[in-house]
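In my numbering, the protein residues as written are 3 to 226.
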């Protein structure tokens, strides 16, 4: 039976709790989010590790709003503090004094109102580069959990989920082939699936090991 070609449908990431894949590399972070006992939480981990997904899980549990740290200075902080808030990519404001000041006030007001605050960022908190001392000390005091790099099993499951988000069902030999040849990170998995989907549509070819070899040969040498 000939393989079906994909249609140019938008990728819609599934961000519910049931869609999050639990493994030893992220189990502590999942437990922290699900218990949500602390008044302020920090999620750290590499790009694409699942911080945004877990932030959405937490927001569903708490009714929180989710926003980028870069946009904080544009918001009404007292209004935001009327409920739980998740602030993503906090290291991005390491050189933005106004955004750091806004986050400092948001932190204080959210806790004073009896709500909870979730912060996310790549790398350890000590490496976030926050230059406002009062903010840095408060962030460092938060309960934190790290999402670590994936093992083969988790990376395979993530690839399968990324394909499913794009309404693509790859052949059984494709994901093991990708695992052997790709950079071992969630960010690389996301980028590779996007490249395969884009190439499939542009070339009117099914997503397959042959298509992957064509793409990866340019990056990593001859296929094996």
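Glycine residues also receive a C-beta, built at the ideal position from the N, C-alpha and C atoms.
*asked:* On the criterion of 16 or more Cβ atoms from any shown chain inside 10 Å, does residue 90 qualify as buried, or is it exposed?
replied: What you label residue 90 is simply residue 88 of the chain shown in a count that begins at 1. Counting Cβ neighbours within 10 Å, residue 90 comes out buried, since at least 16 surround it.
*Can we say the stretch 170-185 touches the stretch 154-161, given the rule of at least three CB pairs closer than 8 Å?*
Yes, since at least three Cβ pairs between the stretch 170-185 and the stretch 154-161 fall closer than 8 Å, the two stretches touch.
*For residue 79, collect the residues of the same chain with a Cβ closer than 7 Å to its Cβ; drop the 5 residues on either side in sequence, then sort them by chain order.*
Locating residue 79 in the chain shown gives position 77, counting from the first residue. The beta carbon of residue 79 lies closer than 7 Å to those of 104, 107, 108 and 111 in the same chain, with the five residues before and after it left out.
*Can you tell me whether DSSP reads residue 209 as helix, strand or coil?*
As a position in the chain shown, residue 209 is number 207, starting the count at 1. Here residue 209 sits in coil by DSSP.
*Closest Cα partner of residue 27 within the set 67, 183, 147 and 64*: As a first step, residue 27 must be located in the chain shown, where it is residue number 25. Nearest C-alpha to residue 27: 147.
*Three-pair Cβ contact test at 8 Å for the stretch 39-56 versus the stretch 123-134*: Yes, since at least three Cβ pairs between the stretch 39-56 and the stretch 123-134 fall closer than 8 Å, the two stretches touch.
_Tell me the rounded alpha-carbon separation between residue 152 and residue 141._
Residue 152 sits at position 150 when you count from the first residue of the chain shown. Residue 141 sits at position 139 when you count from the first residue of the chain shown. If you draw a straight line from the Cα of residue 152 to the Cα of residue 141, it is about 26 Å long.
*Is it true that the stretch 59-66 meets the stretch 196-207, where meeting means three or more beta-carbon pairs spaced less than 8 Å apart?*
In short, these stretches do not touch, since the Cβ pair count stays below three.
*Could you please give me the residues that DSSP links to residue 148 through a beta bridge?*
For the purposes of this step, residue 148 is taken as residue 146 along the chain shown, with counting starting at 1. Answer is 46.
*Straight-line gap, residue 16 to residue 186 (C-alpha atoms, nearest Å)*: By 1-based counting over the chain shown, the position of residue 16 is 14. By 1-based counting over the chain shown, the position of residue 186 is 184. Confidence in residue 16 is poor, its pLDDT being 46 and thus under 50, which makes the residue's placement unreliable; the coordinate value appears in the next sentence. Answer to the nearest angstrom: the Cα atoms are 22 Å apart.
*Exposed unless 16 or more other CB atoms sit within 10 angstroms - verdict on residue 219*: Within the chain shown, the letter at position 217 stands for residue 219. Flag for residue 219 reads exposed.
*asked:* For residue 130 and residue 96, what's the separation of their Cα atoms in angstroms?
replied: Taking the first residue of the chain shown as 1, we reach residue 130 at position 128. Taking the first residue of the chain shown as 1, we reach residue 96 at position 94. Rounded to the nearest angstrom, the two C-alpha atoms are 7 Å apart.
_Quick check on the burial criterion: 16 or more other C-beta atoms within 10 angstroms. Buried or exposed for residue 11?_
Within the chain shown, residue 11 is the residue found at index 9, counting from 1. The predicted position of residue 11 is uncertain, since its pLDDT is 33 and thus under 50; a value taken from the coordinates is nonetheless stated next. Counting of Cβ neighbours within 10 angstroms places residue 11 among the exposed residues, the total staying below 16.
_I need the straight-line Cα distance from residue 55 to residue 34, nearest angstrom please._
As a first step, residue 55 is located in the chain shown; it is residue number 53 there, counting from the start. As a first step, residue 34 is located in the chain shown; it is residue number 32 there, counting from the start. If you take the alpha carbons of residue 55 and residue 34, they lie about 14 Å apart.
_Output needed for residue 161: all residues of its chain with C-beta closer than 7 Å, excluding positions within five of it in sequence on either side, in chain order._
Locating residue 161 in the chain shown gives position 159, where the first residue counts as 1. Cβ within range, chain order: 177, 180, 191 and 195.
*Just confirm the distance between the C-beta atoms of residue 42 and residue 137, as a whole number of angstroms; I'd bet it's less than 8 Å.*
The sequence position of residue 42 within the chain shown is 40, counting from 1. The sequence position of residue 137 within the chain shown is 135, counting from 1. Contact annotation, residue 42 with residue 137: C-beta distance approximately 12 Å; criterion of less than 8 Å not satisfied.
*In the DSSP assignment, find the unbroken alpha helix (DSSP H) run with residue 187 in it and report its ends.*
Taking the chain shown and counting its residues from 1, one reaches residue 187 at position 185. No alpha helix (DSSP H) contains residue 187, which DSSP labels as neither H nor E.
*So, helix, strand or coil for residue 96, using DSSP?*
On the chain shown, position 94 is the one that residue 96 refers to. Three-state DSSP puts residue 96 in coil, outside helix and strand.
*asked:* Let me check understanding here. Comparing Cα to Cα, which of 98, 84 and 23 lies closest to residue 117?
replied: Reading the chain shown from its first residue, position 115 is the one you call residue 117. Nearest C-alpha to residue 117: 84.
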